[in-house]
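Visitor: Got a structure here, written out as structure tokens. Questions coming.
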Amino acid sequence: MRLSSVLLVAIAALLAPIGLEAQQWRTIEAARQLSDSQPLKVSVRYAAGKLDLSPSEDAALLYQMRIRYDEQATDAVHAYDARGHRLELGLSKSEVGWRTLRNMKGDKGGSMSLELSPAVPLDLDVGLGGAAARMELGGLKLKSLSLECGMAGSEVSFSDPNRIQMERMTIDLGMGGLKVQDLGNANVGEIAIHGAMGGVSLDFGDDLQRDVKISADFALGALEIAVPPGVGVMYQGEMKAGKFEPSIGFTRMDNAWYSMNWKDASRHITIVGNSTLADVKIQLSGR
-12 MRLSSVLLVA IAALLAPIGL EAQQWRTIEA ARQLSDSQPL KVSVRYAAGK
38 LDLSPSEDAA LLYQMRIRYD EQATDAVHAY DARGHRLELG LSKSEVGWRT
88 LRNMKGDKGG SMSLELSPAV PLDLDVGLGG AAARMELGGL KLKSLSLECG
138 MAGSEVSFSD PNRIQMERMT IDLGMGGLKV QDLGNANVGE IAIHGAMGGV
188 SLDFGDDLQR DVKISADFAL GALEIAVPPG VGVMYQGEMK AGKFEPSIGF
238 TRMDNAWYSM NWKDASRHIT IVGNSTLADV KIQLSGR
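Just so we're aligned: the sequence shown equals residues -12 to 274 in the numbering used here.
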């Protein structure tokens, strides 16, 4: 079926209240036809439930979204600004109350699936609140990526290479933690990590497309980094009640730790961190 410039289909209506709190569940499907390949700023806000994000397989679409939500607690957002090259998707409230979070958990709770065009360069900003997310970002054209993780754990993967260089990735951690797989395919130059309580695992996979600098400021969690064989690693940081735990050979020079292959390696990962009650662990990918 050929889509018009903007396609919005409202499916389903109000369901019976669940439990003691009156809930009104609604499902919305929205899509927009791809009109050009100009760079786009995309903001995704999803506070509770489950989020799935992936590249679109339909070359004619800029995005395609399906979202199920409690309209008593929030509203769905699908706003496109052609002049400002901006796209906003998800829920109108990035934060919701504890009762809403509880009611939107599980398979019967809220959900959002989103597919984005791999033909458009994107500055992607994702705010999760209390939602759990699974994001496959490989194959997109990501200029930058900002992830704000809340109370639920999330997973990000780059199964295919990013089709352009990513300038910067920013990760703000909450309690839930984050796991990133095949990060070497992201083609990113700088990664900034901030947060508390939730740990973060960065697995670069089998390949590193360019040198990477990681800055990390975190507490009450752990930073685990898995690097490809042959990549040189340097760690420098201030640790309060935490430990530096490499499983590969390192030597200390001045105020920094260097992997034994640092001078001979063709690719390098530099880590500068400040941690409180948190450990930094470095190992080879695949172990």
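Note that beta-carbon positions come from the ideal geometry of N, C-alpha and C, so glycine has one too.
Exposed or buried, G260, counting other C-beta atoms within 10 Å across all chains shown (16 or more means buried)?
Guide: On the sequence shown, position 273 is the one that residue 260 refers to. Answer is buried; the Cβ neighbour count reaches 16.
Visitor: For N172, which of helix, strand or coil comes out of DSSP?
Guide: Along the sequence shown, read from residue 1 onward, the residue named residue 172 stands at position 185. Note: N172 maps to helix in three-state DSSP.
Visitor: By the three-class DSSP mapping on this structure, what secondary structure does Q20 have?
Guide: Locating residue 20 in the sequence shown gives position 33, counting from the first residue. Reduced to three states, the DSSP call for Q20 is strand.
Visitor: Judging by CA-CA distance, which residue of A139, G126, P26 and D169 is the nearest neighbour of A110?
Guide: As a first step, residue 110 must be located in the sequence shown, where it is residue number 123. Residue identity differs from the one stated: residue 110 is Asp in this sequence, not Ala. The shortest C-alpha separation from D110 is found at P26.
Visitor: Mind checking R117: buried by the 16 CB within 10 Å criterion, or exposed?
Guide: Locating residue 117 in the sequence shown gives position 130, counting from the first residue. The sequence shown places Gly at residue 117, not Arg. Answer is buried; the Cβ neighbour count reaches 16.
Visitor: Give me the Cβ distance between R13 and E44, rounded to the nearest whole Å; I'm assuming they're in contact under 8 angstroms.
Guide: Numbered from its first residue, the sequence shown carries residue 13 at position 26. Numbered from its first residue, the sequence shown carries residue 44 at position 57. Not quite, the Cβ-Cβ distance comes to about 26 angstroms (not below 8 angstroms), so this is no contact.
Visitor: Quick check on V143 - is its C-beta less than 8 angstroms from some C-beta in chain C?
Guide: Chain labels in this structure do not include chain C; a single protein chain is all it has.
Visitor: So, at 7 angstroms on beta carbons, what are the nonlocal neighbours of D266 in its own chain, with the 5 sequence-adjacent residues on each side left out?
Guide: Indexing the sequence shown from 1 puts residue 266 at position 279. Closer than 7 angstroms at the Cβ level, and outside the excluded window around D266, lie A209, G229, K230 and E232.
Visitor: Looking at the strands, I want to know which residues DSSP matches up with M226.
Guide: Counted from its first residue, the sequence shown places residue 226 at position 239. S262, per the DSSP bridge assignment.
Visitor: Return the chain-ordered list of same chain residues with a C-beta closer than 7 angstroms to the C-beta of L271, the five sequence neighbours on each side being excluded.
Guide: For this step, residue 271 is matched to residue 284 along the sequence shown. Excluding positions up to five away in sequence, the list reads A213, V214, P216 and I235.
Visitor: Assuming Y50 is part of the beta strand (DSSP E), what are its boundary residues?
Guide: Within the sequence shown, numbered from 1, the residue matching residue 50 stands at position 63. From DSSP, the beta strand (DSSP E) with Y50 extends over L48 to D57.
Visitor: Since M184 contacts L207 with CB under 8 angstroms, what's their CB separation in whole angstroms?
Guide: In the sequence shown, the residue the question calls residue 184 occupies position 197. In the sequence shown, the residue the question calls residue 207 occupies position 220. That belief holds up - the Cβ atoms of M184 and L207 are roughly 5 angstroms apart, short of 8 angstroms.
Visitor: What number of angstroms, rounded off, separates the C-alpha of Y33 from the C-alpha of T61?
Guide: Residue mapping note: residue 33 aligns to position 46 of the sequence shown, counting from 1. Residue mapping note: residue 61 aligns to position 74 of the sequence shown, counting from 1. Taking the straight line joining both Cα atoms gives about 10 angstroms.
Visitor: On the DSSP bridge assignment, give the partners of E123 in chain order.
Guide: On the sequence shown, position 136 is the one that residue 123 refers to. Bridge partners of E123: S144.
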